[in-house]
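Visitor:
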DNA sequence: AGATAATTTGACCGATTGGTAAACATTACA
DNA sequence: TGTAATGTTTACCAATCGGTCAAATTATCT
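Have a look at this one:
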């Protein structure tokens, strides 16, 4: 008798671990490129190199795959914000937050698009995560920024909109990659693009937020 | 004999005009919320309040609806950038560009999401528009910004990434509205949100780009 | 009014969707 | 090695997909 996902054994098989990994990798490919509703199990199965019923042996539904993916990716995605340190030097903290987010956009564009697709379509599967853990984390870090502003370490500004603007500018390079490529064309292609973006964003945020000595 | 979309008469009927408008309005609702692949003709038909074959009488395929929508919206969407004036005062031009884009995000969030969905999923239907008219317009305005920087009117910066960052920060409020709402919660709700965002973004961009008198 | 063109609908089509049942194959372990 | 649990596949299902068709209805014009 086939009992999916270790309902009885508690311990996960080697095969289970490998196949689930394989499936989630394929699911990330497909979901991030086409959104949840636009993706089909058959597509994921093809990318994963296994049959559809085989997929459904490990994840009972399409939603289950998506949820497993979201859960796994969400933690990683918020890591840079979590690293934001109240004790650190404000300029350094902001600068390295921007850089880390930009690196994430460069190295994990699929993860970025997975969230973008989800949020863009009303976040039907992750509303609780947004209103709960995410909001909590942002509230906490916003308080840090507010304190910096109050202490005169950075310019007075709305900390929430500051965070939003860092999110949007950095993730833009993953989520709207096609547009960025189309506009920049060949002349600005290649690895230099990342450094150009990083340089500009640091200039923008540091220049816009740092209190300059008179 | 039924001949769709004035193939014979040249002149469009009153009914044609009304119904096509009705359909595109409904299509904007559905496509912007679920993406092209995630949307169904039945959904659009229901929102439009007409039967599916009736829809297909005016637009022969799902793609035709989407294309008509894109074409109609694209022009409006680039209007603010087109208004960017080389002769104007740099600070004013940038400030009002930001404000106009932010107003667009507030007043036409569906249009913003339509493009976001499209670009996010690889822009399969609008690649030519991106590489053609859009790139051309951006190239032109980038040159203006570069000239301002060279003349010392604003800080030296990469004009393309400046434009990207204005796009991303402003459109973020339309495209990621659910996330913004979730994070800000009730305490920052209401009409004040728009003004808060506008104030922050102006501070960020003007502060980050203007050359301050010594 | 009557004729003609324009519009609308219900019934339907083949393809694809997410998912199931059960037979079959493989693995792990005694 | 035998056997029970685990893993895989073929064949299939009802529902939904984009789209067609012919018949019915409505608007337009003389």
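Residue numbers (this note's numbering), protein chains in the order written: chain A, 101 to 314; chain B, 101 to 314.
Beta carbons: idealized from backbone N, C-alpha and C, even for Gly.
1. Taking Cβ to Cβ, would you say residue 304(B) is nearer than 7 Å to residue 308(A)?
2. Let me know the secondary structure DSSP gives residue 254(A) once reduced to three states.
3. Can a CB atom of chain A be found closer than 7 Å to the CB of residue 275(B)?
4. Look up residue 330(B) in the DSSP assignment and say whether it is helix, strand or coil.
5. For the candidate residues 142(B), 138(B), 151(B) and 236(B), whose alpha-carbon lies nearest to that of residue 178(B)?
6. For residue 161(A) and residue 140(B), I'd like the C-alpha separation in whole angstroms.
7. Residues of the region 219-234 of chain A in Cβ contact with chain B at a cutoff of 8 Å, in chain order, please.
8. In the structure shown, what three-state DSSP assignment does residue 108(B) receive?
9. Tell me whether residue 301(A) counts as near the ligand COA, meaning its Cβ is closer than 6 Å to at least one heavy atom of that ligand.
10. Compare the C-alpha of residue 207(A) against each of 299(A), 159(A), 291(A) and 185(A) and name the closest.
11. Which residues does DSSP list as the beta-bridge partners of residue 310(A)?
12. Could you tell me which of 170(A), 197(A) and 129(A) sits nearest to residue 271(A), measuring between CA atoms?
13. Considering residue 270(B), what are the terminal residues of the alpha helix (DSSP H) in which it resides?
14. Using the beta-carbon count (16 or more within 10 Å), is residue 254(A) buried or exposed?
15. Taking the alpha helix (DSSP H) that residue 132(B) falls in, what are its first and last residues?
16. What are the boundary residues of the alpha helix (DSSP H) that residue 161(A) is part of?
17. Can you give me the C-alpha to C-alpha distance between residue 203(B) and residue 302(B), rounded to a whole angstrom?
18. If you run the structure through DSSP and keep just helix, strand and coil, what is residue 226(B)?
19. Take residue 289(B) and list the residues in its own chain whose beta-carbon comes closer than 8 Å to its own, dropping the five residues that flank it on each side.
20. Within 10 Å of its beta-carbon, does residue 219(B) have 16 or more other beta-carbons around it, so buried, or fewer, so exposed?
21. Quick one: any contact between the region 128-145 of chain B and the region 162-170 of chain B, if contact means 3 or more CB pairs under 8 Å?
22. Would you kindly report the start and end of the unbroken alpha helix (DSSP H) that includes residue 192(A)?
23. Answer yes or no: do residue 148(B) and residue 164(B) have a C-beta to C-beta separation smaller than 7 Å?
24. Residues of chain B with a CB under 8 Å from the CB of residue 294(A): which are they?
25. Quick one: which chain A residues come within Cβ less than 7 Å of residue 134(B)?
26. Quick one: using the 10 Å Cβ neighbour count with 16 as the cut-off for buried, is residue 190(A) buried or exposed?
27. Is it the case that the Cβ atoms of residue 238(B) and residue 223(A) are separated by a distance below 7 Å?
28. If the criterion is Cβ atoms closer than 7 Å, does the pair residue 158(A) and residue 120(A) meet it?
29. Can you tell which of 184(B), 153(B) and 151(B) has the C-alpha that lies nearest to the C-alpha of residue 240(B)?
30. Does the distance from the CB of residue 300(B) to the CB of residue 261(A) come in under 7 Å?
31. Could you give the distance in angstroms between the alpha-carbon of residue 298(B) and the alpha-carbon of residue 180(B)?
32. Strictly under 7 Å for the Cβ-Cβ distance: is residue 216(A) near chain B by that measure?
33. Using a 10 Å radius around the Cβ and a threshold of 16 neighbouring Cβ atoms, would you call residue 151(A) buried or exposed?
34. Using 7 Å as the limit for Cβ to Cβ distance, is residue 238(A) near chain B?
35. I need the straight-line Cα distance from residue 117(B) to residue 145(B), nearest angstrom please.
Guide: The structure says:
1. Yes, these two residues count as a Cβ contact at 7 Å.
2. Residue 254(A) falls in the strand class under three-state DSSP.
3. True, the Cβ-Cβ gap to chain A drops below 7 Å.
4. Given that chain B is displayed from residue 101 to residue 314, the structure contains no residue 330(B) and the question cannot be resolved.
5. Taking only the C-alpha atoms, the option nearest residue 178(B) is 236(B).
6. In a straight line, the C-alpha of residue 161(A) is about 21 Å away from that of residue 140(B).
7. Those residues of the region 219-234 of chain A that come within reach of chain B (Cβ to Cβ, closer than 8 Å) are 219, 220, 221, 222, 223, 227, 230, 231 and 234.
8. Only weak support exists for where residue 108(B) lies, its pLDDT of 42 falling under 50; the value from the coordinates is given anyway. In the structure shown, residue 108(B) adopts coil according to DSSP, grouped into three states.
9. Of the ligands one can find in the structure shown there are none, so the ligand COA has no counterpart to examine.
10. Shortest Cα-Cα distance from residue 207(A) to any of 299(A), 159(A), 291(A) and 185(A) involves 291(A).
11. DSSP lists 254(A) as partners of residue 310(A).
12. Ranked by Cα distance from residue 271(A), the first of 170(A), 197(A) and 129(A) is 197(A).
13. For residue 270(B), the enclosing alpha helix (DSSP H) has its first and last residue at 259-275.
14. Result: buried.
15. Segment 114-138, the alpha helix (DSSP H) holding residue 132(B).
16. Per DSSP, residue 161(A) belongs to no alpha helix (DSSP H) and is neither H nor E.
17. About 13 Å.
18. Under the three-state reduction of DSSP, residue 226(B) is assigned to coil, being neither helix nor strand.
19. Counting only Cβ-Cβ distances below 8 Å, and skipping sequence neighbours, we find 281.
20. The Cβ neighbour count for residue 219(B), taken over all protein chains shown within 10 Å, is at least 16; the residue is labelled buried.
21. Judged by Cβ distances under 8 Å, the region 128-145 of chain B makes contact with the region 162-170 of chain B, as three or more pairs qualify.
22. Looking at the DSSP string, the run of the alpha helix (DSSP H) that includes residue 192(A) is 190-207.
23. It is not a contact, given that the beta carbons lie outside the stated cut-off.
24. Correct list: empty, because the minimum Cβ distance to chain B is about 11 Å.
25. Near residue 134(B) (Cβ distances below 7 Å), the residues of chain A are 137 and 221.
26. Classification for residue 190(A): buried.
27. One thing to note: residue 238(B) has its Cβ no nearer than 7 Å to the Cβ of residue 223(A).
28. Taking C-beta atoms as the reference points, residue 158(A) and residue 120(A) count as a pair closer than 7 Å.
29. For residue 240(B), the nearest C-alpha among the options comes from 184(B).
30. The Cβ atoms of residue 300(B) and residue 261(A) lie closer than 7 Å to each other.
31. Using only the alpha carbons, I get a separation of about 16 Å.
32. For residue 216(A), the answer is yes, since a Cβ of chain B falls inside 7 Å of its Cβ.
33. Sixteen is the threshold: since fewer than 16 other Cβ atoms of the shown chains lie within 10 Å of the Cβ of residue 151(A), the residue is exposed.
34. Proximity of residue 238(A) to chain B, defined by a Cβ-Cβ separation below 7 Å, is satisfied.
35. Taking the Cα positions, residue 117(B) is about 17 Å away from residue 145(B).
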